[in-house]
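Read in order, the letters of the sequence shown correspond to residues 38 to 571 in our numbering.
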Amino acid sequence: MDSAGFSLKLWPPSVNTRLMLVEKMTKNLITPSILSRKYGLLSKEEAEEDAKQIEAVAFASANQHFDKEPDGDGSSAVQLYAKESSRLMLEVIKRGPQTKESAEGVIPEKVKASDETTIFDVYKGRRDFINAEVAGELLKPLREPGNNYKRICFSNRSFGVDAAKIAGPILSSLKDQLTEVDLSDFIAGRPEEEALEVMEIFSSALGACDLRYLNLSNNALGEKGVRAFGALLKSQQNLEELYLMNDGISEEAAQAVCELIPSTDKLRILHFHNNMTGDEGALAISELVKHSPALEDFRCSSTRVGSEGGVALSQALGECRNLKKLDLRDNMFGVEAGIALSKVLSIFSDLTEIYLSYLNLEDEGSIALANALKGSAPSLEVLEMDGNDITVKAAPVLAACIAAKQFLTKLRLAENELKDEGAILIAKALEDGHGQLTELDMSTNAIRRAGARCLAQAVVSKLGFKVLSINGNFISDEGIDEVKDIFKNSINVLGPLDENDPEGEDYDEDADEETDNEYELETRLKGLDIKQEE
38 MDSAGFSLKL WPPSVNTRLM LVEKMTKNLI TPSILSRKYG LLSKEEAEED
88 AKQIEAVAFA SANQHFDKEP DGDGSSAVQL YAKESSRLML EVIKRGPQTK
138 ESAEGVIPEK VKASDETTIF DVYKGRRDFI NAEVAGELLK PLREPGNNYK
188 RICFSNRSFG VDAAKIAGPI LSSLKDQLTE VDLSDFIAGR PEEEALEVME
238 IFSSALGACD LRYLNLSNNA LGEKGVRAFG ALLKSQQNLE ELYLMNDGIS
288 EEAAQAVCEL IPSTDKLRIL HFHNNMTGDE GALAISELVK HSPALEDFRC
338 SSTRVGSEGG VALSQALGEC RNLKKLDLRD NMFGVEAGIA LSKVLSIFSD
388 LTEIYLSYLN LEDEGSIALA NALKGSAPSL EVLEMDGNDI TVKAAPVLAA
438 CIAAKQFLTK LRLAENELKD EGAILIAKAL EDGHGQLTEL DMSTNAIRRA
488 GARCLAQAVV SKLGFKVLSI NGNFISDEGI DEVKDIFKNS INVLGPLDEN
538 DPEGEDYDED ADEETDNEYE LETRLKGLDI KQEE
């Protein structure tokens, strides 16, 4: 091989790389920030669609650029691809959600002008290191006498010590007017010693502010980082929103948070997603939750919390009667914590979204929760219980709960073991009403032809329905054709079926059932009524 003729091509990117970019942009678009408070936070579905379109436009633009330099290595095309993606993503964030028409129509220009003078954002679609010179130029508007900035966002730009020393006095001068501060991901790539010093400078500068919103996410804080923000946290008596996501919040860091914040009486939103809190850390967070009676939105997902911590969090939530959104996904709660949570669910009359996926609830925990939800949360819109080892045993109770939730827009029960019998009961629960349902996910549930057909028939006529996911099941080729025929006038509503296994075997019992037996099962279950009350 002639090495002199070999060159590394950076363009075009692989399919996996493109998909990863879409996933990353989707995550950014649904992450709460000061900008999302101003323009509105996109739903996951809308964010995914926007991210796909952004990537396609950016790719086309970069590909066109690459065509003009075929002998290049593609590096400039890659840079353009990233730059265009960032620019378009910022445009989408500032456009805001588009799924629902605003009753008031276009926002008046005067209101827009007013907003522009109260929010200051350094991001501008760029991610880079900020030095003293850049900081001085970047923060000039904050120096102007009589400015009205109340909300500042330093997210996604990495500040060094020299830049922090420029920013510190400027922020101190705004102490009487700032109410919202976003410092998420603002020390990326900095050595620990420098990062901690930057945090301390910002903390000291903002310590006298009376904030309503504080976002310290994506900074790998750990206990040292939390304590570096001690001056800021200690001074907050009126916080309404606190975000500490992806911050390496360990047991010690969680205890530090609780120790430093003097009051959470007015806290409405508390997000602790993706930390290594564990049971001991959850005990500390539970104390914070217990003293947050105004809490409306609590997220403690992917935090390595087990049974003991789950029970403590559940009991603490009993003090939060105003809860509207609860996200505990991807922890190791187990049955005991599930039952503990079921005992407090009845007080959440305003609950609209509950995320309970991958909690090891099993049938016992799932039945307890479904029974509790059935008689509470009348306006529930989102119910997620993926990956909890839920079997046919829990299906009747689960179906009765679903039948009672007429405002559901999204129902996810993927990666369980509901099989045909459970699927048919769920389908029957959704047949009547449920006019607002847009998404149903029953993938990977060992469902066969009869269950798939019933699920399809239950949702096909619902106006506004967007996607039925039944991939990863054991549907025969004839069953696939049957489902596709049901959706022949709206085939885009049917999700992918590429991972379906027509010859899939159920190792818990005999798997090679004849088609006639499936029809017999369906016929037998159609006569069952789902009881609304016990």
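No residue lacks a Cβ here, since even glycine has one placed at the ideal position from N, Cα and C.
Inter-residue spacing [alpha-carbon to alpha-carbon] between residue 375 and residue 421 = 14 Å
message = Ignoring anything shorter than 3 residues, give me the beta strand (DSSP E) runs that lie fully in the stretch 430-487, in order along the chain.
response = 447-449 and 476-478
task = Starting from the C-beta of residue 84, find all residues in its chain whose C-beta is less than 7 Å away, skip the five residues before and the five after it, and write them out in chain order.
result = 63, 66 and 67
query = Is residue 248 closer than 8 Å to residue 216 when the C-beta atoms are compared?
reply = yes
key: residue 519 versus residue 378 - alpha carbon distance   = 40 Å
request  = Would you check if the distance between the CB atom of residue 193 and the CB atom of residue 164 is smaller than 8 Å?
outcome  = yes
Residues sharing a beta bridge with residue 336, DSSP = 308 and 364
inquiry  = Mapping the DSSP letters down to three states, classify residue 53 as helix, strand or coil.
reply    = helix
query = For residue 549, which residues from the same chain have a beta carbon less than 6 Å from its beta carbon, with the 5 sequence-adjacent residues on both sides left out?
reply = Residue placement at residue 549 cannot be trusted, given a pLDDT of 43 that sits under 50; what the coordinates show is reported in the next sentence. There are no such residues.
message = I need the DSSP call for residue 372, collapsed to helix, strand or coil.
response = helix
task = Check whether the Cβ atoms of residue 333 and residue 288 lie closer than 8 Å to each other.
result = no
query = How long is the line joining the alpha carbons of residue 365 and residue 110, rounded to whole angstroms?
reply = 46 Å
ask   = DSSP on residue 189, reduced to helix/strand/coil?
value = strand
key: Reference residue 304, options 276, 427 and 168, closest by Cα   = 276
request  = Assign residue 222 to one of two classes, buried (16 or more other C-beta atoms within 10 Å of its C-beta) or exposed (fewer than that).
outcome  = buried
message = Please state whether the Cβ-Cβ distance between residue 451 and residue 400 is less than 8 Å.
response = no
ask   = When the Cα atoms are used, what is the spatial distance from residue 535 to residue 50?
value = 24 Å
task = Specify the secondary structure class of residue 127 as computed by DSSP and reduced to three states.
result = helix
request  = Within its chain, find whatever has a CB closer than 7 Å to the CB of residue 54; leave out the 5 residues flanking it on each side and keep chain order.
outcome  = none
request  = May I have the straight-line CA-CA distance separating residue 239 from residue 256, to the nearest angstrom?
outcome  = 13 Å
query = From the DSSP output, which residues share a beta bridge with residue 196?
reply = 167
Best match in 307, 237 and 328 for proximity to residue 251 [C-alpha to C-alpha] = 307
ask   = Going by the beta-carbon positions, is the gap between residue 91 and residue 129 smaller than 8 Å?
value = yes
ask   = In angstroms, rounded to a whole number, what distance separates the CA positions of residue 93 and residue 81?
value = 18 Å
message = Considering only their Cβ atoms, is the gap separating residue 189 from residue 218 smaller than 8 Å?
response = yes
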